[in-house]
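Chain order of the listed sequences is A and B.
The first sequence lines up with residues 0 to 209 when you count with numbering that gives the first Met the number 0.
The second sequence lines up with residues 0 to 209 when you count with numbering that gives the first Met the number 0.
Notes to accompany the following structure.
Protein chains: 2
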Amino acid sequence: MASVSTKDILLDTAEKLFAEKGIKETSLRDITALANVNLASVNYHFGSKDGLINGVIVRRINPLNEERFRLLEELNEIYTEREVPVEKILYALLIPGIRLCFSNPHFLRFAGQIVSDPDKEVYHIFVSQFEQVFKRFRDAFKCSLTHLPEHELMWRMHFLIGAMIHTWTNHSGLNWLSGGVCKLNNEEEVANRLIGFCSAGLKAPLVKLI
Amino acid sequence: MASVSTKDILLDTAEKLFAEKGIKETSLRDITALANVNLASVNYHFGSKDGLINGVIVRRINPLNEERFRLLEELNEIYTEREVPVEKILYALLIPGIRLCFSNPHFLRFAGQIVSDPDKEVYHIFVSQFEQVFKRFRDAFKCSLTHLPEHELMWRMHFLIGAMIHTWTNHSGLNWLSGGVCKLNNEEEVANRLIGFCSAGLKAPLVKLI
DNA sequence: GTTAGTTTAAAACGATTGTTTGAATTAATA
DNA sequence: TATTAATTCAAACAATCGTTTTAAACTAAC
C-alpha cells in the first residue's frame, strides 16, 4: 500500500506516452509494457482505453482550474472596488498551465492533441471543463476592459487561448524555429512574455471593420 | 479525361474526412467508400496512407505559402525605403490561411491536427515547409520593429502563430463558447480582428523580467 | 483489330488493436 | 486460520487496419 498503485503507474505511463507518441499511436500494450503491468489491468481499473484517457485528464484538470479560480479570487479580495489590472487577471489564467508545463512536461502536450482532435467525445469532456473558466475570466476581463464590447472581448480571448495552447504544446518548437535563441529558462519568464503579448492584444484599440 | 481523376477525388475526400473525423480515425475504407473508388486505388496512386496524407498537404501548402510571399513582395515594392507597417506584414502572413478557411473549411482543421501530433513524420513535412515562412516574416518584422530584440520578436511570433492556428482549427469552438455571439461573417473581418490583436502584441512594450 | 499500358475490381493477407475470459495469486476480514 | 474479496496473470477473441494479390476492364496507339 505504501508503494505506488497500479492505477497511478498506469496514469503516469499513459500520460507520458500519449504526450510523446500521440494518443492514437499509443496502444495499451505500449503502456502496460512500459509500466510493467498486465495488459488487462487497464480494462480492470479504467474500463476501457477511453476511460484511461479520461482518467489522465481529470487528474490534472481539476487542480489546474481550481488554482485559476483561487488566484482570481485573491485578486478580487485585493482589488475591492478598484479595477483589477488586465495583467493580473491574465496571470491567474495563464500561470497554472505554465507551471504545470514545467513540473510535468507531458500532460499539456497531451491536452493540446485533444483540443485539436475533432472526433473524440474526450474533446467535449475537456472543453466543457474549460467553459466555466472561460465565463469566469470573461466576466473578470469585462470589469477591467469596460470600453470593450463583449463580442470583441470574446474574440480576443479566443486569440489568447490559441497563444496559450500553442505555448503548452509547442514550446520545444520555438526553440527549434529560433535556432536555439529562445530558451525556456523558468516559468515566470515564459508567463511574463505571454502576458505581455496578450495584455497588449486585449487592450488594443478597436479595429475599424470595413 | 475531362472528368475529375480518381487521384483528385481521393485527395478531396481524404481532406474532408481527415478534417471531420481525424486522421487516425479515418480508414482508407472510409475514404474509398465515400469517394466511390476502389480500396486499392489509394496504394496505387499514393503508395500508402502516409503518401495520401502527404498528397493532401502539398496540394494546399505550396499555393498558401507562395501567396504569403507574393503579398510580402508587393509590400516591399510599395514601401521602398519606408518602414512597412506591422499590420500590413501581418495581413500578408495571415490572410492566405483565413481565406483558405473560408473557401475550404477542411484543410486547415486537418493541418491543426498535424501540428499538435508529436509522432508523425508528416509533422516535420508540414513544419519544415513553415520554416521558410517564419524566417522571411521574421526578417520583415525585424525591419518594422527595430527596437525589439530578435529573441523577443520570435517569442511574440510564436504567440501569434498560436493564435493563427487556433483560429484555423477552432473557429467553430468560439461560436460555441461565446453562445453564438461571435460569428464568422467574412474573411476580412476575422483577419482584421486577428491582425488587431497580434499587431498590438508585437508592438507591446518590453516586459521587465524579474 | 491487336497489343501494351493503365486503372479498377474483389478477395485475402498478416499484423495490430481494444477487449474479454477464467484461472491463479494476493490481500483483507472475521 | 479459514473465508472472502480484490487484483493480477496468460491466453485468446473478434474486429479493424494498411497492404498486397490476381484477374478483369478500360484506354490509346499502331
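A virtual CB, placed ideally from N, CA and C, is assigned to each residue, including glycine.
Between Q112/A and the ligand SAH, is there a pair consisting of the residue's CB and a ligand heavy atom that are separated by less than 6 Å? With respect to small molecules bound, the structure shown includes none, and the ligand SAH cannot be examined in it.
CB contact flag (A91/A, L70/A, <7 Å): yes
Taking only three categories from DSSP, how would you classify G195/B? helix
Please name the residue in G96/B, N75/B, S47/B and S40/B whose C-alpha comes closest to that of N61/B. G96/B
Would A190/A and H105/A be called neighbours here (beta carbons separated by less than 7 Å)? no
Could you name the residues of the same chain whose beta carbon sits closer than 7 Å to that of C197/B, not counting the 5 residues immediately before and after it, in chain order? L89, L159 and A162
Whether or not the segment 172-191 of chain B and the segment 175-194 of chain A are in contact is what I'm after, with contact meaning three or more pairs of Cβ atoms, one per stretch, closer than 8 Å; do they touch? no
Pair every Cβ in the segment 167-180 of chain B with every Cβ in the segment 146-157 of chain A, then say whether three or more of these pairs are closer than 8 Å. yes
Does G21/A come out as helix, strand or coil in the three-state DSSP assignment? coil
Residues near K66/B by beta carbon distance below 6 Å, same chain, minus five either side: It should be noted that the sequence gives Glu, not Lys, for residue 66/B. P95.
Mind checking if V36/A is an interface residue toward chain B, Cβ cutoff 7 Å exclusive? no
Indicate the three-state DSSP secondary structure (helix, strand or coil) for S127/B in the structure shown. helix
Using a Cβ-Cβ cut-off of 7 Å, state whether D118/A counts as contacting chain B. yes
Going by Cα to Cα distance, which pick from D116/B, L38/B, A34/B and E86/B is closest to I22/A? D116/B
Mind checking if K20/A is an interface residue toward chain B, Cβ cutoff 7 Å exclusive? yes
Cβ-based neighbour list, R98/B, same chain, cut-off 7 Å, excluding 5 preceding and 5 following: E186
Would you please verify whether the beta carbon of Q128/A is less than 7 Å from any beta carbon of chain B? no
Between the CA atoms of I8/B and S2/B - distance to the nearest angstrom: For S2/B, the predicted structure reports a pLDDT of 47, less than 50, and the residue's modelled location is therefore unreliable. A value from the coordinates is still provided. Approximately 10 Å, taken between the alpha carbons.
Taking buried to mean at least 16 other C-beta atoms within 10 Å of its own C-beta, is N169/A buried or exposed? buried
If we ignore side chains and look at the alpha-carbon of each, how far apart do F125/B and K141/A end up? 38 Å
Under 8 Å, CB to CB, which of the residues in the segment 50-81 of chain A have a partner in chain B? none
When you compare the CB of C181/A with every CB in chain B, is at least one pair closer than 7 Å? yes
Is it buried or exposed, I77/B, if we count other Cβ atoms within 10 angstroms and call 16 or more buried? exposed
Nearest-angstrom beta carbon gap, L16/B and T25/B [assumed within contact, 8 Å]: 4 Å
Could you tell me the distance, in whole angstroms, from the CA atom of N64/B to the CA atom of V132/B? 7 Å
How many angstroms separate the CA atom of F109/B from the CA atom of N103/B? 11 Å
Taking only three categories from DSSP, how would you classify V41/B? helix
Among residues of its own chain, excluding the 5 on either side of T79/A, which ones have a beta-carbon nearer than 8 Å to its beta-carbon? none
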